[in-house]
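Just add 96 to the spot in the sequence shown (first one is 1) and you have the numbering used here.
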Amino acid sequence: MALVTTTEMFKKAYNGGYAVGAFNVNNMEIVQGITEACREEHAPVILQVSKGARAYANNTYLIKLVEAAVIECPDIPIALHLDHGPDFETCKSCIDSGFTSVMIDASSQSFEKNIEITKQVVEYAHAHGVVVEAELGTLAGVEDDVQVAAEDSSYTKASDVQEFVERTGCDSLAIAIGTSHGAYKFKPEQCTRNDKGVLVPPPLRFDILKDVAQRLPGFPIVLHGSSSVPQDFVKLINENGGKMPDAIGIPEYELREAAKLAVCKINIDSDIRIAMTGSIRQYMAEHPDKFDPREYLKPARANIKELVRHKLIDVLGCAGKA
Ligand code: G3H
Ligand code: 13P
Ligand code: ZN
Numbered sequence: 097m098a099l100v101t102t103t104e105m106f107k108k109a110y111n112g113g114y115a116v117g118a119f120n121v122n123n124m125e126i127v128q129g130i131t132e133a134c135r136e137e138h139a140p141v142i143l144q145v146s147k148g149a150r151a152y153a154n155n156t157y158l159i160k161l162v163e164a165a166v167i168e169c170p171d172i173p174i175a176l177h178l179d180h181g182p183d184f185e186t187c188k189s190c191i192d193s194g195f196t197s198v199m200i201d202a203s204s205q206s207f208e209k210n211i212e213i214t215k216q217v218v219e220y221a222h223a224h225g226v227v228v229e230a231e232l233g234t235l236a237g238v239e240d241d242v243q244v245a246a247e248d249s250s251y252t253k254a255s256d257v258q259e260f261v262e263r264t265g266c267d268s269l270a271i272a273i274g275t276s277h278g279a280y281k282f283k284p285e286q287c288t289r290n291d292k293g294v295l296v297p298p299p300l301r302f303d304i305l306k307d308v309a310q311r312l313p314g315f316p317i318v319l320h321g322s323s324s325v326p327q328d329f330v331k332l333i334n335e336n337g338g339k340m341p342d343a344i345g346i347p348e349y350e351l352r353e354a355a356k357l358a359v360c361k362i363n364i365d366s367d368i369r370i371a372m373t374g375s376i377r378q379y380m381a382e383h384p385d386k387f388d389p390r391e392y393l394k395p396a397r398a399n400i401k402e403l404v405r406h407k408l409i410d411v412l413g414c415a416g417k418a
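Below, the structure written as structure tokens:
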């Protein structure tokens, strides 16, 4: 199967009460770990590339890696998506080079400016058979070179979404309901401890999600900043020379609930990075004499694969849906 857009994926996900995983890719091992899990679990998948990924790996290399995954996984739908497109030119460049989906993130602009920029991207994208994700509301955290402090983040106003979608013509919408980018989503003092002593962050704003869904029936909603920051890998990092104190993510049961509602795409990047880093640190600590990258990247790739398998089955609910 050739690369696909997300249109069919989202229709099925919305009606089936699950979400498709959108995983950021930056190198070959990450592409392989993700897509091998999706192939084995018969799951549709969105491979997404940020501005930072394009700067690091080069757009052509990333496209060719994703094309290789399409060849290796002929039975599952794969979409190639631009994550957090900062402007029209970047979106155009991705559309022209074969991406099937782009995000234009003008969420830091005024409502009117966001509409104007998004509409311009939608017109170009739709003319080329490409779909567009837009964003309304601001997430906290770090993405590319943009850092948004928690106090400057803002939940999506449900009353704005209908007008925004109608005037822009976007195909899916990322909303802010309390998720945030990176591995440090919450301060410990914002959290409470459950009976097992685990820190639990403030709950996501499901009231906003439900309100949005009611105003946009059948319309696919996207959640960014949805890594759960797996504590076993954080421990592995900290036990092997790393220092990631107070790394806290979104509880997976909340994401499972969101996937049953209007959320059709859930973005996961930090968890992959944490799994990869934990694996490499452990390997390095246990094998100080080794210097072959293939030896330490092999367990890293295997752990990414198992992490993604777990997400597909237990969090997104999209295993078996390809
Ligand atoms: O939302 C941001 C993604 O995690 C991409 O991160 O900009 O470091 O590639 P990056
Ligand atoms: P995380 O940092 O929570 O993995 O979020 C990734 C993301 O939203 C990519 O756009
Ligand atoms: Zn994001």
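Virtual Cβ for every residue (Gly too), placed ideally from N, Cα, C. As the structure is a prediction and not an experimental result, all values here were calculated from the model.
Run the proximity test for residue i: is its beta-carbon closer than 7 Å to any non-hydrogen atom belonging to the ligand FMN?
i	result
His-383	By its list of ligands, the structure shown excludes the ligand FMN, since it contains just the ligand G3H, the ligand 13P and the ligand ZN.
Answer with buried or exposed for residue i, where buried requires no fewer than 16 other C-beta atoms within 10 angstroms of its C-beta.
i	result
Ala-355	buried
Glu-285	exposed
Met-105	buried
Pro-173	buried
Glu-219	exposed
Lys-283	exposed
Pro-316	buried
Using only the alpha-carbon positions, how far apart do residue i and residue j sit?
i	j	result
Thr-252	Thr-234	7 Å
Asp-328	Thr-288	20 Å
Val-330	Leu-295	14 Å
Leu-300	Lys-386	44 Å
Ile-304	Val-257	11 Å
Gln-310	Ala-254	9 Å
Ser-268	Asn-154	27 Å
Asn-363	Gln-216	24 Å
Arg-369	Ile-333	11 Å
Below 7 Å, is the gap between the Cβ of residue i and the nearest heavy atom of the ligand G3H?
i	result
Ala-133	no
Gly-148	yes
Asp-365	yes
Asn-155	no
Enumerate in chain order the residues of its own chain whose CB-to-CB distance from residue i is below 8 Å, with the five nearest sequence positions on each side excluded.
i	result
His-177	Thr-102, Ala-118, Ile-142, Leu-143, Gln-144, Val-145, Phe-195, Thr-196, Ser-197, Val-198, Met-199, Glu-229
Leu-408	Gly-117, Ala-133, Cys-134, Glu-137, Ala-139, Cys-414, Ala-415
Hey, quick one: how far does the beta strand (DSSP E) through residue i stretch, first residue to last?
i	result
Leu-232	227–232
Cys-134	Element bounds for Cys-134: not the beta strand (DSSP E) but the alpha helix (DSSP H), 124–137.
May I ask you to check if the CB of residue i is nearer than 7 Å to at least one heavy atom of the ligand ZN?
i	result
Gly-321	yes
Asp-179	yes
His-224	no
His-406	no
Would you say the beta carbon of residue i is closer than 7 Å to some non-hydrogen atom of the ligand 13P?
i	result
Gly-274	no
Asn-336	no
Asn-210	no
Using a Cβ-Cβ cutoff of less than 7 Å, which residues in the same chain neighbour residue i once the five nearest sequence positions on both sides are dropped?
i	result
Lys-188	Tyr-220
Lys-147	His-180, Pro-182, Thr-186, Asp-240
Tyr-114	Ala-355, Leu-412, Gly-413, Cys-414, Lys-417
Please return the same chain residues whose Cβ sits closer than 6 Å to the Cβ of residue i, not counting the five positions on each side in sequence.
i	result
Cys-190	Leu-178, Val-198
Lys-394	none
Gln-378	Leu-332, Asn-336
Can you name the start and end residues of the alpha helix (DSSP H) that residue i belongs to?
i	result
Gln-205	First-last for Gln-205: undefined, no H or E at that position.
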